[in-house]
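Residue numbers (the working numbering): 88 to 309.
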């Protein structure tokens with residue numbers, strides 16, 4: 088099977104433990120996508136990526152198939168997988184859908200959830216601040232999704248949580264779109280919004296909750 092020259096050459100070689108290989112490969116690929124190590128528009132073969140991660144091609148193909156269902160990559164017959172190139176319009180559409188789903192839920196939660204419960208989520212918000220401070224895109228993406236997932240989980244609607252998480256993940260794939268320094272500044276601003284959102288939710292400040300969530304989704308961190 089022909090392979091694109093240089094495919095899998097970006098970034099350091101990562102060794103994946105043999106236990107739960109497919110899940111670890113999937114996590115490693117997601118981190119590489121978010122961190123920009125796998126570039127939009129480029130094709131990567133399973134054998135080359137398998138060598139990079141220290142595993143066979145099979146778990147890589149399985150993980151890539153999962154990423155294809157999530158819209159992060161597309162299958163290129165006899166070559167491998169191409170990383171999806173996202174347009175500005177597509178990202179704006181994802182932000183709009185997320186706002187339509189999450190804003191009403193968060194406003195309802197602001198009316199019903201006691202302030203003490205919001206305080207329990209502060210460590211999750213602080214984790215996004217820590218990741219943003221060092222410009223760790225992959226770590227920020229995971230902590231960001233964990234925070235939003237924990238907020239929505241208070242609704243008790245697991246289907247909502249799953250749908251929102253899928254939309255959230257799709258909005259994160261093309262994160263590495265500029266200089267690291269600029270990206271870090273964006274992440275720091277987004278992480279600060281998490282802290283402000285918790286304060287507004289605890290204070291039942293509905294106007295601030297609505298505006299913060301709307302602005303958060305149109306920003307670069309998500």
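Here a beta-carbon is modelled for each residue, glycine too, at the ideal position from N, C-alpha and C.
Item	Value
For residue 161: DSSP bridge partner residues	169
Residue 164, buried or exposed, once every other Cβ within 10 Å from all chains shown has been counted against 16	exposed
Own chain partners of residue 205 with C-beta closer than 7 Å, once the 5 adjacent residues on each side are dropped	285, 288, 289
Alpha-carbon to alpha-carbon, residue 112 and residue 147	6 Å
Residue from 110, 162, 277 with nearest C-alpha to residue 220	277
Buried or exposed by the 16-neighbour rule on C-beta atoms within 10 Å, applied to residue 178	buried
Cβ-based burial, residue 172 [other Cβ within 10 Å; buried from 16]	exposed
Minimum Cβ-Cβ distance from residue 225 to chain D less than 8 Å	Of the chains in the structure shown, none is chain D; there is only one protein chain.
Run of the alpha helix (DSSP H) containing residue 201, from where it starts to where it stops	That residue, residue 201, is in no alpha helix (DSSP H); it is neither H nor E in DSSP.
Residue 246, enclosing alpha helix (DSSP H) - first and last residue	245-259
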